[in-house]
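Student: Take a look at the following structure, please.
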Amino acid sequence: DMVRNPWLWLGLSAAVSLAAALSLPQLKFDYNLLHLDDPNADSIKVLYEVMGASKNDEGNQVSTIYASVVANNLGEARDLSQKLLALPVVAKVDSILDLVPENQDKKMPIIQRIVATAAALNVKPSTNKNVDIPRARYDTANLLSQSKEGLKQAKPWAGSSTIARDAVAAFASMIPALERANKALNSASIEVIQKRFSASSTGAFSRMQTNMALLKTQKADRGLTLADIPPQLQKLYLAPNGKILLMVYGKEDLWERAPDEEFTLSVLTVAPKATGTPVLNYYATELLRVSYLWAAVWAFVAIVVLILLHFQSLKYLLLTLTPLVLAVLWRTGAMVWFGIEFNPANIVTLPLIIGIDVAFGVYIIDRYREDGKLSIFAGSTGKAIIMSSLTSLFGFSSLLISQFRGMWDIGQLMSLGIAIGLVTAIFILPQILVLLKPRPPEGEPASPKP
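Using the working numbering, you'd call the opening residue of the sequence shown number 392 and step up by one each time.
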């Protein structure tokens, strides 16, 4: 029954193969390693929140991963930092340079005058004298009234007098603030307003005292050096041999391939020895993709050689490879149709699926050569093929319960490939064999023609 209409099956096979072949240019490779993780994991959610909050002053996305550039000394670090910041793809460069200002010799006299002036100041402790709230209400209301009157009188002369124009601008900026102050002073009782004033004035004065006391303790006898940097920051940015780390951030999301490629190649023009996550991702994921493509090619070549040695016939070699080639082609087309992309995890399925699917064709052709007729399910061969494919299928399907997206993708593609390989082996290959003239079993002479 399976081979009653071989031309119909082969026609359908040719149509599916053509559609799959036309879809091949649309197949994509997803380089983003974040897509391999569980999107519902707390760490991934927090990472995306950080990425969403990492924007520059222009509102553009800034990368959360950085390229590492090493400078031999402070002068080289400044030079590299300036060249890196000049690149269109670089958003910022974090380094210890932010803590060691440039041109300190020119700035030291100014700093010394500030410190000397601060040392001469005598900030007396707060007397905690209560604010006269009724008087404050009266003064605020009176000043507001005078400001409004002044604005009214100055407006007619604003077109001809600079003083009048300045007065209009001053009164216009003062009146809204005075209105808010007047409203606040009359919004509660004197006791409540007094508490608010006391807490505010005491806090502000205490902070001012603290800042002034800190300013008086500052030394201005020399500029800052790398030795003055806190040990925690020295450990992050400064190596024991004196080399300095520069953290270079991109203006876009460097987990995506296109921004990562542009950023990496640009940074390497300035610092050829740069490393870090963006650089490693750019080279490692592409190396992984190309390596598995070549692994699939060499696996196919090895399979061709082994099958040819086994059958010692070009005809049986082509027959054996037919279901394998169709399975690989159909699976690739199905990936495009269902929106599935290759990624650094599931690309491993390329050589694996070739090794599994080719066995089905070998079993069928071996049985065909032995019996001299198409008897796949008359014996144990068909059952063995189905059982073998189902055990592999269920084995890889177990990966579909994985929380790690990469493992899930491997299980998805392997299950799809094995299922399609089974179809091409037991449905398509027999249609081809039935169109061939039967041959006698090995070791038996052909039947003479009557």
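Cβ coordinates follow ideal geometry from the N, Cα and C atoms, glycine included.
Please read these numbers as outputs of a predicted model, since none were measured by experiment.
Any heavy atom of the ligand FAD closer than 7 Å to the Cβ of L478?
Tutor: Because no ligand of any kind appears in the structure shown, any question about the ligand FAD cannot be addressed here.
Student: Measure the C-alpha to C-alpha separation of F654 and I756 and round it to an integer number of angstroms.
Tutor: The count along the sequence shown starts at 1 and reaches residue 654 at position 263. The count along the sequence shown starts at 1 and reaches residue 756 at position 365. If I take the Cα positions, the gap works out to 53 Å.
Student: Which stretch, first to last residue, makes up the beta strand (DSSP E) that contains S459?
Tutor: To locate residue 459, count along the sequence shown from 1; it is residue 68. It spans 457–462 - the beta strand (DSSP E) in which S459 sits, taken as one unbroken run.
Student: Between which two residues does the beta strand (DSSP E) harbouring I635 extend?
Tutor: By one-based count along the sequence shown, residue 635 stands at place 244. Where I635 is concerned, the enclosing beta strand (DSSP E) stretches over 635–641.
Student: Got a sec, what are the start and stop residues for the alpha helix (DSSP H) D619 sits in?
Tutor: Translated into the one-based positions of the sequence shown, residue 619 becomes position 228. Where D619 is concerned, there is no enclosing alpha helix (DSSP H), given that its DSSP letter is neither H nor E.
Student: Between T772 and G812, what straight-line distance do the alpha-carbon atoms span, to the nearest angstrom?
Tutor: For this step, residue 772 is matched to residue 381 along the sequence shown. For this step, residue 812 is matched to residue 421 along the sequence shown. Spanning the two alpha carbons is a distance of roughly 16 Å.
Student: Under 8 Å by Cβ, that's how I've got A482 and G614 pegged, so tell me the actual separation to the nearest angstrom.
Tutor: Within the sequence shown, numbered from 1, the residue matching residue 482 stands at position 91. Within the sequence shown, numbered from 1, the residue matching residue 614 stands at position 223. 29 Å between Cβ atoms; not a contact.
Student: Is it buried or exposed, Y674, if we count other Cβ atoms within 10 angstroms and call 16 or more buried?
Tutor: As a working note, residue 674 is residue 283 in the sequence shown. Exposed is the call here.
Student: Determine the direct distance from the alpha carbon of D644 to that of L406, and round the result to whole angstroms.
Tutor: Walking along the sequence shown from the start, residue 406 turns up at place 15. Walking along the sequence shown from the start, residue 644 turns up at place 253. Note that residue 406 corresponds to Ala in the displayed sequence, not to Leu. Each residue's Cα considered, the two are about 41 Å apart.
Student: When you compare only the Cα positions, how much space is there between T531 and K539?
Tutor: Position 140 of the sequence shown holds residue 531. Position 148 of the sequence shown holds residue 539. Taking C-alpha positions only, T531 is separated from K539 by approximately 12 Å.
Student: Could you check what DSSP says for T695 in three-state terms: helix, strand or coil?
Tutor: Against the sequence shown, residue 695 aligns to sequence position 304. Note on residue identity: the sequence assigns Val, not Thr, to residue 695. Residue state for V695 is assigned as helix, using DSSP reduced to three classes.
Student: With a threshold of 16 other CB atoms inside 10 Å of the CB of Q537, please say whether the residue is buried or exposed.
Tutor: Here the question's residue 537 lines up with position 146 in the sequence shown. Exposed: under 16 other Cβ atoms inside 10 Å.
Student: Have a look at R760 and Y754 and give me their C-alpha separation to the nearest angstrom.
Tutor: In the sequence shown, counting from the first residue as 1, residue 760 sits at position 369. In the sequence shown, counting from the first residue as 1, residue 754 sits at position 363. Answer to the nearest angstrom: the Cα atoms are 10 Å apart.
Student: Between the stretch 725–737 and the stretch 408–422, can you find at least three pairs of beta-carbon atoms closer than 8 Å?
Tutor: At 8 Å Cβ cutoff, the stretches touch.
Student: Under three-state DSSP, which class holds K574?
Tutor: To locate residue 574, count along the sequence shown from 1; it is residue 183. Helix.
Student: Within its chain, find whatever has a CB closer than 6 Å to the CB of L606; leave out the 5 residues flanking it on each side and keep chain order.
Tutor: Numbered from 1 along the sequence shown, position 215 holds the residue referred to as residue 606. A509, listed in sequence order.
Student: Out of V749, L671, I745, N737, point me to the one whose CA is closest to W799's CA.
Tutor: Taking the first residue of the sequence shown as position 1, residue 799 is located at position 408. The residue with the shortest Cα to Cα distance from W799 is N737.
Student: Put V453 into one of helix, strand or coil per three-state DSSP.
Tutor: The residue labelled residue 453 in the question sits at position 62 within the sequence shown. Note: V453 maps to coil in three-state DSSP.
Student: Starting from K774, follow the alpha helix (DSSP H) in both directions and report where the run begins and ends.
Tutor: Reading the sequence shown from its first residue, position 383 is the one you call residue 774. It spans 772–788 - the alpha helix (DSSP H) in which K774 sits, taken as one unbroken run.
Student: Out of Q600, P397, L478, which has the shortest C-alpha to C-alpha gap to S657?
Tutor: Here residue 657 corresponds to residue number 266 of the sequence shown, with the count starting at 1. Looking from the CA of S657, the closest CA among Q600, P397, L478 belongs to L478.
Student: Using a 10 Å radius around the Cβ and a threshold of 16 neighbouring Cβ atoms, would you call F562 buried or exposed?
Tutor: Position 171 of the sequence shown, counted from the start, is the residue given in the question as residue 562. Classification of F562: buried, given that the 10 Å Cβ count is 16 or more.
Student: Give a yes or no on whether the C-beta atoms belonging to A887 and L741 are separated by under 8 Å.
Tutor: Any answer about residue 887 is impossible in this case: the structure gives the chain only from 392 up to 841.
Student: Within the continuous beta strand (DSSP E) that includes K483, where are the two ends?
Tutor: Numbered from its first residue, the sequence shown carries residue 483 at position 92. Residues 481–485.
Student: Compare the beta carbon distance of G667 and I744 with 8 Å and say whether it is the shorter of the two.
Tutor: To locate residue 667, count along the sequence shown from 1; it is residue 276. To locate residue 744, count along the sequence shown from 1; it is residue 353. Going by C-beta atoms, G667 is not nearer than 8 Å to I744.
Student: Please name the residue, chosen from V814, R796, E493, G466, that lies closest to S780 on a Cα-to-Cα basis.
Tutor: Translated into positions along the sequence shown, residue 780 becomes position 389. S780 has its Cα closest to that of V814, out of V814, R796, E493, G466.
Student: Looking only at C-alpha atoms, which of N463, V480, D470, E467 sits nearest to Y457?
Tutor: Taking the first residue of the sequence shown as 1, we reach residue 457 at position 66. Measuring from the Cα of Y457, the nearest candidate turns out to be V480.
Student: Secondary structure at G340, three-state DSSP: helix, strand or coil?
Tutor: No answer is possible for residue 340: the residues shown for the chain start at 392 and end at 841.
Student: So is M805 buried or exposed if we call it buried at 16+ other beta carbons inside 10 Å?
Tutor: Sequence index remark: in the sequence shown, residue 805 carries index 414 (1-based). Classification of M805: buried, given that the 10 Å Cβ count is 16 or more.
Student: Would you kindly work out how many angstroms separate the C-alpha atoms of L413 and L697, rounded to a whole number?
Tutor: Taking the sequence shown and counting its residues from 1, the one referred to as residue 413 is at position 22. Taking the sequence shown and counting its residues from 1, the one referred to as residue 697 is at position 306. Cα to Cα, the separation comes out at about 31 Å.
Student: If I measure Cβ to Cβ from L535 and keep anything under 6 Å in the same chain, skipping five residues before and after, which residues do I get?
Tutor: Here residue 535 refers to the residue found at position 144 of the sequence shown. Cβ neighbours of L535 beyond the five flanking positions: L569, N573.
Student: Tell me where the alpha helix (DSSP H) around S538 begins and ends.
Tutor: To locate residue 538, count along the sequence shown from 1; it is residue 147. Taken as a continuous stretch (DSSP letters only), the alpha helix (DSSP H) holding S538 covers 524–545.
Student: Looking at A575 and V559, is the spacing between their C-beta atoms short of 8 Å?
Tutor: Stepping through the sequence shown from its first residue, residue 559 is reached at position 168. Stepping through the sequence shown from its first residue, residue 575 is reached at position 184. At a Cβ-Cβ threshold of 8 Å, V559 and A575 do not count as neighbours.
Student: If you follow the alpha helix (DSSP H) that P650 is part of, which residue opens it and which one closes it?
Tutor: Taking the sequence shown and counting its residues from 1, one reaches residue 650 at position 259. Its alpha helix (DSSP H) spans residues 648–661.
Student: My assumption, with CB atoms under 8 Å, is that Y628 sits in contact with S486. Please give the rounded CB distance.
Tutor: Sequence index remark: in the sequence shown, residue 628 carries index 237 (1-based). Sequence index remark: in the sequence shown, residue 486 carries index 95 (1-based). Right, their Cβ atoms sit about 6 Å apart.
Student: Can you tell me the Cα-Cα spacing of L790 and E647, whole angstroms?
Tutor: Mapped onto the sequence shown, residue 790 falls at position 399. Mapped onto the sequence shown, residue 647 falls at position 256. Computed Cα separation, rounded: 26 Å.
Student: Taking only the alpha-carbon atoms, compute the straight-line gap between K497 and G466 and give it to the nearest angstrom.
Tutor: Sequence index remark: in the sequence shown, residue 497 carries index 106 (1-based). Sequence index remark: in the sequence shown, residue 466 carries index 75 (1-based). Rounded to the nearest angstrom, the two C-alpha atoms are 18 Å apart.
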